[in-house]
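Asks: Its first residue numbered 53, the sequence shown is counted upward by one per residue in my numbering.
All C-beta atoms, glycine included, are put in the ideal place defined by N, C-alpha and C.
It should be emphasised that the depicted structure is a prediction, and the values quoted were computed from it without experimental measurement.
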Amino acid sequence: MDSNLELLTQIAHGIAVHFGYTCEVVIHDLKKNDLDRSVVYIENGHVSNRQLGDGPSEIVLETLKKQPDVLKDRLSYLTRTDDGRILKSSTMYIRGKNNTVDYILAINYDITGLLTVDNALKPLLSTSETNGESRKPRKITHSVNDLLDTLIEESVALVGKPVALMSKEDKITAIQYLNDAGAFLITKSGDKVSNYFGISKFTLYSYMDANKEK
53 MDSNLELLTQ IAHGIAVHFG YTCEVVIHDL KKNDLDRSVV YIENGHVSNR
103 QLGDGPSEIV LETLKKQPDV LKDRLSYLTR TDDGRILKSS TMYIRGKNNT
153 VDYILAINYD ITGLLTVDNA LKPLLSTSET NGESRKPRKI THSVNDLLDT
203 LIEESVALVG KPVALMSKED KITAIQYLND AGAFLITKSG DKVSNYFGIS
253 KFTLYSYMDA NKEK
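1. So Ser55 is in the alpha helix (DSSP H); what residue range does that whole segment cover?
2. Assuming Leu256 and Ser246 form a contact by the criterion Cβ under 8 Å, report the distance between their Cβ atoms to the nearest whole angstrom.
3. Return the CA-CA distance between Val153 and Pro175, expressed in angstroms with no decimal places.
4. Skipping 5 residues on each side, what residues in its chain have a beta carbon closer than 7 Å to that of Ile224?
5. Quick check on the burial criterion: 16 or more other C-beta atoms within 10 angstroms. Buried or exposed for Ala172?
6. Measuring only the C-alpha atoms, how far is Leu157 from Cys75?
7. Jot down the residue ranges of each uninterrupted beta strand (DSSP E) in the region 151 to 230, minimum 3 residues, whole runs only, in chain order.
8. Across the region 141 to 155 and the region 55 to 65, are there enough close Cβ pairs to call them in contact, namely three or more that are closer than 8 Å?
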């Protein structure tokens, strides 16, 4: 274990103990060649039902897709688990030499019970003026296959119609969403996406590059 990872595990353990069993702390190793097993440390994995050796989240793919210089820590956003529990999450990018992101430290705190209380109090506390916009929590996935399925679902939801009713432009929108999200960093994702949208691999690549041609 390198010194950075050793320090991170010490910090992760401290956070998990401090906030208790409803707080999951995860370390993803982005230096590994095996993306399918990016989780190298986890405490309170029961929160998201993940375990050591599980695969990446959307945040991991986004990190690999972007230039390190533009990445900033994402603090206090919402995610959700397979069974519908809502988590308050933070993602911190741990950098190594040359400013590369070597690790991701993620904190996922289960606030489902607190939201129940909040919903009970909201009618009493609300006023006629409401500000801000709600954002749909991101789903926490366990493997690259689950993650790819989730990204495909999101691309279809973005277009707002089933594949059978999509035009060429609709499919371009969906494919470019997947490309921007880093979906094609997943091994053999091109085959699955092509089959799902009923297009050839050649067409897939042309849709990925469509904006570049304009």
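Replies: In terms of the structure at hand:
1. Ser55 to Phe71
2. 5 Å
3. 44 Å
4. Tyr259 and Ala262
5. exposed
6. 13 Å
7. 153 to 162
8. yes
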